[in-house]
DNA sequence: GTCTATAAATAGATAGAC
DNA sequence: GTCTATCTATTTATAGAC
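Chains as they are written, first to last, in our numbering: chain A, 1 to 225; chain B, 226 to 450.
Right, dumping it as structure tokens:
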């Protein structure tokens, strides 16, 4: 490697490090993280740009500098969120394992994203309630591809005579519904637990994931009607 | 029946009919109905009192006359909603049928309320996402009693050696999650259906209810690990 | 019970200096 | 890229006439 190239690379690295030292995470990333958390807790309408800027400890005008509008910032979060879920769901469908394991991997994929992006379950719930008013065409395609990935797994299982045919949307609801409910309701469950509901605060992540995996497989393997 | 009683009854009936003719449903009821629909579609923060008043075709000041504030109007809707669900869930648990039928009745109770109050699934989703910020103590008790009713059914089934012991919150999530998702996502499913997702617009109410009933019973009867 | 007018606070967004 | 100051529209809520 020529010393010129090395020098250029060193200079650019130094610049980046200096910038990071001055304002640790990039203001754009800080805004994305803060906005995701605030939108999850308060919804699009319930979250002001002032609140986002304060949570990110960034000047409000930076939202308009980076994203152009509050709505565009929100769309960016939706795109990232559903994009990541779609990638992981497609990966589960494409892996080289038996269909039963693909169903388990699909369930785990949703749970993984709920852990990686805690804003994802509440925001998904809100978007459902809102009838997808904020979703752009690309995001709708991503959501559709999650269901399509599940459909492909089911079809494969049916071809291999291990599953019986089922409406993929029905299976999807049986998986996504309980999982999102669990991940989005942490605080609510604790409140119910203090109110005397047995097992509300005790329910663990591995239990619900295993439960949803068993339920989905039991239905697909069709041991009852 | 004395003619005096008859006359009093006729006069009161006439008064009511005249009032109804002048302003068909009571302005209070119109506001409650309009607010429920708007809060479901837009959330608490996303719905203005102007929008509610316009939808109810009632003057905005009537909201403050009848309810005192936007928040109090919203709480009134939550109280009615969760009160009705709790009553119906407890009725399912208290009926004189075998535990299997009580589970089926519990599922049907949720579905019945989702039909009777279409604002109920989206608003429940929103309250979960919001971590129950708008819920007063009475409403939290009502929600808890829904889970408690389910717990009583499970315990009865366990005593009768027909169910195995299960965390009621887990069973609850498996029932409520898919049901709310189905009832809240009508428009979203149609959009996915147009986007090419198989069976998205085809899925019928009776299918999902029967599915959730079977799933809950399969888990409780414990034919697999 | 119903309505108009308006107060008071907060919202999203922009201009322009640095 | 960052910040201050500010414009404009909208928000919840109330006062007071009818």
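Glycine is no exception: its CB is placed at the ideal position from the N, C-alpha and C atoms.
The structure presented is a predicted model; accordingly, all values stated were derived computationally and were not measured.
(request) Verify whether the separation of the beta carbon atoms of residue 77 of chain A and residue 135 of chain A is less than 8 Å. (result) Taking the first chain and counting its residues from 1, the one referred to as residue 77 of chain A is at position 77. Taking the first chain and counting its residues from 1, the one referred to as residue 135 of chain A is at position 135. No, the pair does not count as a contact, with Cβ atoms beyond the cut-off.
(request) Apply the 10 Å Cβ neighbour rule to residue 403 of chain B and answer buried if 16 or more other Cβ atoms are within range, or exposed otherwise. (result) Numbered from its first residue, the second chain carries residue 403 of chain B at position 178. Label assigned to residue 403 of chain B: buried.
(request) Determine the closest residue to residue 157 of chain A out of A:218, A:119, A:191, A:118, with distance taken between C-alpha atoms. (result) As a position in the first chain, residue 157 of chain A is number 157, starting the count at 1. From the listed residues A:218, A:119, A:191, A:118, the smallest Cα separation to residue 157 of chain A is found for A:218.
(request) Pick helix, strand or coil for residue 218 of chain A, following the three-state DSSP scheme. (result) In the first chain, residue 218 of chain A corresponds to position 218, counting from 1. When DSSP states are grouped into helix, strand and coil, residue 218 of chain A belongs to the helix group.
(message) So the candidates are A:71, A:122, A:154; which of them puts its Cα closest to the Cα of residue 221 of chain A?
(response) Residue 221 of chain A sits at position 221 when you count from the first residue of the first chain. Considering only alpha carbons, the answer is A:154.
(request) Can you say whether residue 289 of chain B is buried or exposed, counting buried as having 16 or more other CB atoms within 10 angstroms of its CB? (result) In the second chain, the residue the question calls residue 289 of chain B occupies position 64. Result: exposed.
(request) Name, please, each residue of chain B whose Cβ falls closer than 8 Å to the Cβ of residue 151 of chain A. (result) Position 151 of the first chain, counted from the first residue, corresponds to residue 151 of chain A. When 8 Å is used as the limit between beta carbons, residue 151 of chain A is near these residues of chain B: 422, 423, in chain order.
(request) Can you tell me which of B:282, B:355, B:309, B:277 puts its alpha carbon nearest to the alpha carbon of residue 294 of chain B? (result) As a working note, residue 294 of chain B is residue 69 in the second chain. Looking only at B:282, B:355, B:309, B:277, the smallest Cα-Cα distance to residue 294 of chain B is reached by B:277.
(request) Using three-state DSSP, classify residue 200 of chain A as helix, strand or coil. (result) Looking up residue 200 of chain A in the first chain gives position 200. Coil at residue 200 of chain A, not helix or strand.
(request) Please check the pair residue 176 of chain A and residue 406 of chain B, which I expect to be a contact at CB under 8 Å, by giving their CB distance rounded to whole angstroms. (result) One-based indexing of the first chain puts residue 176 of chain A at position 176. One-based indexing of the second chain puts residue 406 of chain B at position 181. 7 Å between Cβ atoms; contact.
(message) Tell me the DSSP secondary structure of residue 115 of chain A in three-state form.
(response) Along the first chain, one-based indexing puts residue 115 of chain A at 115. Here residue 115 of chain A sits in helix by DSSP.
(request) Would you identify the three-state DSSP class for residue 392 of chain B, choosing helix, strand or coil? (result) Here residue 392 of chain B refers to the residue found at position 167 of the second chain. In this structure, residue 392 of chain B counts as coil in the three-state DSSP scheme.
(request) Report yes if the C-beta distance between residue 368 of chain B and residue 192 of chain A is below 8 Å; otherwise report no. (result) For this step, residue 368 of chain B is matched to residue 143 along the second chain. For this step, residue 192 of chain A is matched to residue 192 along the first chain. In contact: residue 368 of chain B and residue 192 of chain A (Cβ atoms closer than 8 Å).
(message) Let me see if you follow: with CB-CB separation under 8 Å, is residue 182 of chain A close to chain B or not?
(response) The residue given as residue 182 of chain A occupies position 182 in the first chain. Interface criterion met: the Cβ of residue 182 of chain A is under 8 Å from a Cβ in chain B.
(request) Please classify residue 59 of chain A: does DSSP put it in a helix, a strand, or coil? (result) Here residue 59 of chain A refers to the residue found at position 59 when the first chain is read from its first residue. Three-state DSSP puts residue 59 of chain A in coil, outside helix and strand.
(message) Against chain B, which members of the segment 207-224 of chain A pass a CB distance test of less than 7 Å?
(response) Sequence-ordered contacts of the segment 207-224 of chain A with chain B read 207, 208, 211, 214, 215, 218, 219, 223, 224 [C-beta pairs closer than 7 Å].
(message) Using beta carbons (cut-off 8 Å, strictly below), is residue 350 of chain B in contact with chain A?
(response) Counted from its first residue, the second chain places residue 350 of chain B at position 125. Residue 350 of chain B belongs to the set of residues whose beta carbon lies under 8 Å from a beta carbon in chain A.
(request) Specify, as a first and last residue, the run of the alpha helix (DSSP H) that residue 269 of chain B falls within. (result) By one-based count along the second chain, residue 269 of chain B stands at place 44. Counting along the chain, residue 269 of chain B falls outside any alpha helix (DSSP H), and DSSP gives it neither H nor E.
(message) Using the three-state DSSP reduction, which class does residue 432 of chain B fall into: helix, strand or coil?
(response) Within the second chain, residue 432 of chain B is the residue found at index 207, counting from 1. If DSSP states are grouped into helix, strand and coil, residue 432 of chain B belongs with the helices.
(request) Would you decide whether residue 318 of chain B is buried or exposed? Buried here means 16 or more other CB atoms lie within 10 Å of its CB. (result) Position 93 of the second chain, counting from 1, holds the residue named residue 318 of chain B. Under this definition residue 318 of chain B is a buried residue.
(request) Would you check if the distance between the CB atom of residue 397 of chain B and the CB atom of residue 372 of chain B is smaller than 8 Å? (result) Looking up residue 397 of chain B in the second chain gives position 172. Looking up residue 372 of chain B in the second chain gives position 147. Yes, Cβ-Cβ distance for residue 397 of chain B and residue 372 of chain B is below 8 Å.
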